[in-house]
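> Protein chains in written order, with UniProt numbering: chain A, 1 to 185; chain B, 1 to 185; chain C, 1 to 185; chain D, 1 to 185. Glycine included, every Cβ here is placed at the ideal spot set by N, Cα and C. Structure below; questions to follow.
Protein chains: 4
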Amino acid sequence: MRTRIVEESMKQFDKNGFTGTSIVDITQALDVTKGTFYYYFDSKEKLLMEIHLMYIKNLLEKQQVILQQPMNATKKLEAIVELLLHSILSDGLSGRVFFREMRHLKNNNEQTIITYRKKFRQNIEKVLLQGMANGEIKKGHVKIVALGILGVTNWSYQWFDENGDVSIEELTTIFVNMILTGIKE
Amino acid sequence: MRTRIVEESMKQFDKNGFTGTSIVDITQALDVTKGTFYYYFDSKEKLLMEIHLMYIKNLLEKQQVILQQPMNATKKLEAIVELLLHSILSDGLSGRVFFREMRHLKNNNEQTIITYRKKFRQNIEKVLLQGMANGEIKKGHVKIVALGILGVTNWSYQWFDENGDVSIEELTTIFVNMILTGIKE
Amino acid sequence: MRTRIVEESMKQFDKNGFTGTSIVDITQALDVTKGTFYYYFDSKEKLLMEIHLMYIKNLLEKQQVILQQPMNATKKLEAIVELLLHSILSDGLSGRVFFREMRHLKNNNEQTIITYRKKFRQNIEKVLLQGMANGEIKKGHVKIVALGILGVTNWSYQWFDENGDVSIEELTTIFVNMILTGIKE
Amino acid sequence: MRTRIVEESMKQFDKNGFTGTSIVDITQALDVTKGTFYYYFDSKEKLLMEIHLMYIKNLLEKQQVILQQPMNATKKLEAIVELLLHSILSDGLSGRVFFREMRHLKNNNEQTIITYRKKFRQNIEKVLLQGMANGEIKKGHVKIVALGILGVTNWSYQWFDENGDVSIEELTTIFVNMILTGIKE
DNA sequence: GATGAATGAGAATTCATTCAT
DNA sequence: AATGAATGAATTCTCATTCAT
């Protein structure tokens, strides 16, 4: 039931937003009562937090796997971009909810998620530094560059259409090239 | 009064979000009554729409000026990136509200804004095409590339801190370089 | 409308208790909507606080009038007992609500009322001291004696029946005698 | 377990009131589940009733012992006042719960407790009558006098502080004197 | 004896909106 | 132009209770 609630709520948060989705909406869709919801979750925010934690923890784990592989910095960056695009776009719901609704977490919860996000960015920064050290990557302001890369990938949840004319694979190729070699001839 | 309402509401939407701001919050801050608000605006959404229109129209006008200048495609792209970063980050409020709260526009209104946004993107695509035609820019999928550029710039509203260690000017330089020549050595 | 809400709520608090009375109960009895209630009162507790303040302030004012009259201590005590019994029993509702529901005030509000109540008791103590000083009243622990007197009077809200076989006037006489000269032959 | 539930609930009713204490509060404190509670008690009210019955039956038994002793009326009244003050204040919890929460008993249950309370009062009345008959006590309205005595004692649960500057023994002496001989010199 | 999942009725509160003045 | 009273639908959350296991 817990899982069913999470899944249904992600669907609805994705469609109507956190604020636009009421507890009743979720429980009615599952054909249970409001009480059931509150048996499993102390509050609406706790549910949102759970969705966020699931998403970011999973992402960090996968990033960790990439970091530990015997690849050069460029390849690692490629892998991370691919990871992000896949998890935002094909894993779908949770990614969009993650990027849109974080604002509705309060105080402690928000800080926790911010910390995880920071961790992810700092891991990218490490790869950049490593690449700069061995001459693969141009020297520069690693934090801003990392945020630039995250901009390219994370913005996708705003516009990507699964049924559009570009597949995630193509998208990944285009964005990886763009990030690595720019758009200038 | 109309202007005062718009300004106060932008402040509060920026701080507490559209949903997190009530009409009373706005009118109390202006020391008027709710009735006054409804004398000037038919609904809360109309107000949000006005803020959106102001922002995107202003942006499109400024983009138009850039497009009509006698510069090559690269320079034009640089100018557009600069325009976006300035209007998101230093013009401040309206930009952040624009990027965060569009979801609260319904049907027609949402479509109108989407159309304007699309216009802005298509203008970037035109510059890209022009650049590809004369050999300045690598040939590629213009729409996706445009969306990549917009990702780099628009994502900034999520993390940029006016009091942080990087100025908007530095940020512009870093991002322009990144977009044009990539990060690879 | 404000007054009507206060009056209706007192009736219902008296009958069903603070917790046993919902906002809907009050508004339905007045044939208005819940919104109307919240237009006049920020919360259910604010309403309860208002009832408490009305009652205790009125009581303190009347007590003040007694204190300033040119009577000896014994007469003043008689007058205060009479005041209490009348305001608890014949003024009716507000007294019973005051004695029963104070527990539902939180923090600040509770403290405020406690302070007022203390003031009332301390005024009784002053009269007792005055009476002890000029030989009217037996020397003793004024605070406890004051609380004993208040016990006799305040407990009445628990059992007094307006339609019973004893009138308030008779009650006052009996209690005044009891307090002054005791029950022993 | 039954006993543990009663004890824990008295603690919590005393602290947060009957309405302010949920079944979960009680069971969590005992580290059992809600089901367990309902295995032992049919409802929350049944539990409250049990606490009330325990208290008043115990009180009536002790009163009976006093009544049967070979003492004059004055001594018996002294003993009853002492009994009440001790059981409200030092036996503690149950007394405070008894006097505060009776209102939450419904219909039959309330009537039962009212009957027991009436019994207790009538026993006091009997002693008063006996005292009046043999010239110990002033002739008067026994019911009202009894209620006056109960006011002095029962009101104590409202303000008595175990850690205050007056002990129960001192309190008893003061109140017995006050009831018997009054406060007038 | 005890559990834990589920219920469902109801509670306080919020808030955009209307409208007569 | 502006007010202020009133609305009513929706929202989050609470909690005593049930019941199959």
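Using the three-state DSSP reduction, which class does lysine 106(D) fall into: helix, strand or coil?
For the purposes of this step, residue 106(D) is taken as residue 106 along the fourth sequence, with counting starting at 1. If DSSP states are grouped into helix, strand and coil, lysine 106(D) belongs with coil.
> For the alpha helix (DSSP H) containing histidine 141(A), list its first residue and its last residue.
On the first sequence, position 141 is the one that residue 141(A) refers to. Careful: histidine 141(A) lies outside any alpha helix (DSSP H) and carries neither H nor E.
> On the DSSP bridge list, what partners appear for lysine 184(D)?
As a first step, residue 184(D) must be located in the fourth sequence, where it is residue number 184. BP columns for lysine 184(D) point to Ile137(C).
> Which residues mark the beginning and the end of the alpha helix (DSSP H) in which leucine 60(D) is found?
Position 60 of the fourth sequence holds residue 60(D). Segment 44-67, the alpha helix (DSSP H) holding leucine 60(D).
> What residues from chain B crowd round valine 145(A), counting only those whose CB sits closer than 8 Å?
Reading the first sequence from its first residue, position 145 is the one you call residue 145(A). Per Cβ cutoff of 8 Å: Ile174, Met178 and Ile183.
> When you compare only the Cα positions, how much space is there between asparagine 108(D) and leucine 105(A)?
Taking the fourth sequence and counting its residues from 1, one reaches residue 108(D) at position 108. Taking the first sequence and counting its residues from 1, one reaches residue 105(A) at position 105. Straight-line Cα distance between these residues: approximately 49 Å.
> State buried or exposed for arginine 2(C), treating a residue as buried only when at least 16 other CB atoms are found within 10 Å of its CB.
Residue 2(C) sits at position 2 when you count from the first residue of the third sequence. That one is exposed.
> Please look up how many angstroms separate the CB atoms of glycine 182(C) and threonine 27(D), rounded, as I've assumed it's under 8 Å.
For the purposes of this step, residue 182(C) is taken as the residue at position 182 of the third sequence. For the purposes of this step, residue 27(D) is taken as the residue at position 27 of the fourth sequence. Going by Cβ atoms, the distance from glycine 182(C) to threonine 27(D) rounds to 50 Å, so no, they are not a contact pair.
> Span of the alpha helix (DSSP H) holding valine 24(B)?
As a first step, residue 24(B) is located in the second sequence; it is residue number 24 there, counting from the start. Start and end: 23-30.
> Quick one: which chain A residues come within Cβ less than 8 Å of isoleucine 56(B)?
Within the second sequence, numbered from 1, the residue matching residue 56(B) stands at position 56. Under the 8 Å cutoff, chain A gives no residues; its nearest Cβ is about 15 Å from isoleucine 56(B).
> Under DSSP, the alpha helix (DSSP H) around valine 97(A) begins and ends at which residues?
For the purposes of this step, residue 97(A) is taken as the residue at position 97 of the first sequence. First-last of the alpha helix (DSSP H) with valine 97(A): 93-101.
> Could you compute how far the alpha carbon of serine 94(C) sits from the alpha carbon of leucine 84(C)?
What you label residue 94(C) is simply residue 94 of the third sequence in a count that begins at 1. What you label residue 84(C) is simply residue 84 of the third sequence in a count that begins at 1. Computed Cα separation, rounded: 12 Å.
> Please report the residue range of the alpha helix (DSSP H) in which isoleucine 88(C) lies.
Stepping through the third sequence from its first residue, residue 88(C) is reached at position 88. Per DSSP, isoleucine 88(C) belongs to no alpha helix (DSSP H) and is neither H nor E.
> In chain C, which residues lie less than 9 Å from valine 65(D) when you measure between Cβ atoms?
For the purposes of this step, residue 65(D) is taken as residue 65 along the fourth sequence, with counting starting at 1. Within chain C, no residue comes near valine 65(D); the closest Cβ sits about 23 Å away, beyond 9 Å.
> Evaluate contact between the segment 150-157 of chain A and the segment 1-20 of chain C, counting only Cβ atoms and requiring at least three cross-stretch pairs below 8 Å.
As far as the Cβ criterion goes, the segment 150-157 of chain A does not touch the segment 1-20 of chain C, which means the pair count is below three.
> Where does phenylalanine 41(B) fall in DSSP's three states?
Numbered from 1 along the second sequence, position 41 holds the residue referred to as residue 41(B). Three-state result, phenylalanine 41(B): coil.
> Within 8 Å (strictly less), CB to CB, does arginine 4(A) reach chain B?
Start at 1 with the first residue of the first sequence, and residue 4(A) comes out as number 4. No, no contact with chain B.
> In chain order, what residues of the same chain lie with their CB nearer than 7 Å to the CB of lysine 11(D), ignoring the 5 residues before and after it?
Residue mapping note: residue 11(D) aligns to position 11 of the fourth sequence, counting from 1. So the qualifying residues of the chain are Leu93.
> So if I threshold CB-CB distances at 7 Å, which residues from the UniProt domain "HTH tetR-type" (1-59) of chain B count as touching chain A?
So the list reads Gly17 and Thr19, given in the order they occur along the chain.
> If you draw a straight line from the alpha carbon of glutamine 68(D) to that of leucine 77(D), how long is it in whole angstroms?
Here residue 68(D) is taken as the residue at index 68 of the fourth sequence, counted from 1. Here residue 77(D) is taken as the residue at index 77 of the fourth sequence, counted from 1. Going from the Cα of glutamine 68(D) to the Cα of leucine 77(D) covers about 13 Å.
> Taking DSSP as the reference, what is the three-state secondary structure of serine 167(D)?
Here residue 167(D) refers to the residue found at position 167 of the fourth sequence. Of the three classes helix, strand and coil, the one that applies to serine 167(D) here is coil, per DSSP.
> Rounded to the nearest angstrom, what separates valine 176(B) and isoleucine 56(A) at their Cα positions?
As a first step, residue 176(B) must be located in the second sequence, where it is residue number 176. As a first step, residue 56(A) must be located in the first sequence, where it is residue number 56. Answer to the nearest angstrom: the Cα atoms are 29 Å apart.
> Using a beta-carbon distance below 8 Å, is glycine 135(B) in contact with chain A?
In the second sequence, residue 135(B) corresponds to position 135, counting from 1. By this cut-off, glycine 135(B) is an interface position.
> Cβ closer than 8 Å: which chain D residues qualify as neighbours of histidine 141(C)?
Start at 1 with the first residue of the third sequence, and residue 141(C) comes out as number 141. Correct list: Val166, Glu170 and Ile174.
> Output needed in chain order: residues of the segment 67-79 of chain A with a Cβ under 7 Å from some Cβ in chain B.
For the segment 67-79 of chain A, which is checked against every Cβ of chain B, the residues closer than 7 Å are Thr74.
> Please tell me whether glycine 151(B) has its Cβ less than 8 Å away from any Cβ of chain A.
Looking up residue 151(B) in the second sequence gives position 151. Answer yes: the Cβ-Cβ gap between glycine 151(B) and chain A drops below 8 Å somewhere.
> Do the segment 129-140 of chain D and the segment 110-117 of chain C meet, that is, are 3 or more Cβ pairs less than 8 Å apart?
With a cut-off of 8 Å, the segment 110-117 of chain C and the segment 129-140 of chain D do not count as touching, because too few Cβ pairs lie within range.
> Should aspartate 14(A) go down as buried or exposed, given a rule of 16 or more other Cβ atoms within 10 Å for buried?
Within the first sequence, numbered from 1, the residue matching residue 14(A) stands at position 14. Its Cβ being crowded by 16 or more others within 10 Å, aspartate 14(A) is buried.
> Classify tryptophan 159(D) as helix, strand or coil using the three-state DSSP reduction.
Within the fourth sequence, numbered from 1, the residue matching residue 159(D) stands at position 159. Here tryptophan 159(D) sits in helix by DSSP.
> Which residues in chain A have a C-beta closer than 7 Å to the C-beta of arginine 103(B)? List them in chain order.
Here residue 103(B) refers to the residue found at position 103 when the second sequence is read from its first residue. Near arginine 103(B) (Cβ distances below 7 Å), the residues of chain A are Gly17.
> Glycine 148(A) and valine 152(B): beta carbons closer than 8 Å?
For the purposes of this step, residue 148(A) is identified with residue 148 of the first sequence, where counting begins at 1. For the purposes of this step, residue 152(B) is identified with residue 152 of the second sequence, where counting begins at 1. Yes.
> CA-CA distance, glycine 17(C) and tyrosine 116(A)?
By one-based count along the third sequence, residue 17(C) stands at place 17. By one-based count along the first sequence, residue 116(A) stands at place 116. Going by the C-alpha atoms only, they are around 49 Å apart.
> Just the chain D side, please: which residues come within less than 9 Å of asparagine 154(C) by C-beta, in chain order?
Within the third sequence, the letter at position 154 stands for residue 154(C). Per Cβ cutoff of 9 Å: Gly151, Trp155 and Gln158.
> When burial is assigned at 16 or more other CB atoms within 10 Å of the CB, is alanine 133(D) buried or exposed?
Looking up residue 133(D) in the fourth sequence gives position 133. That one is exposed.
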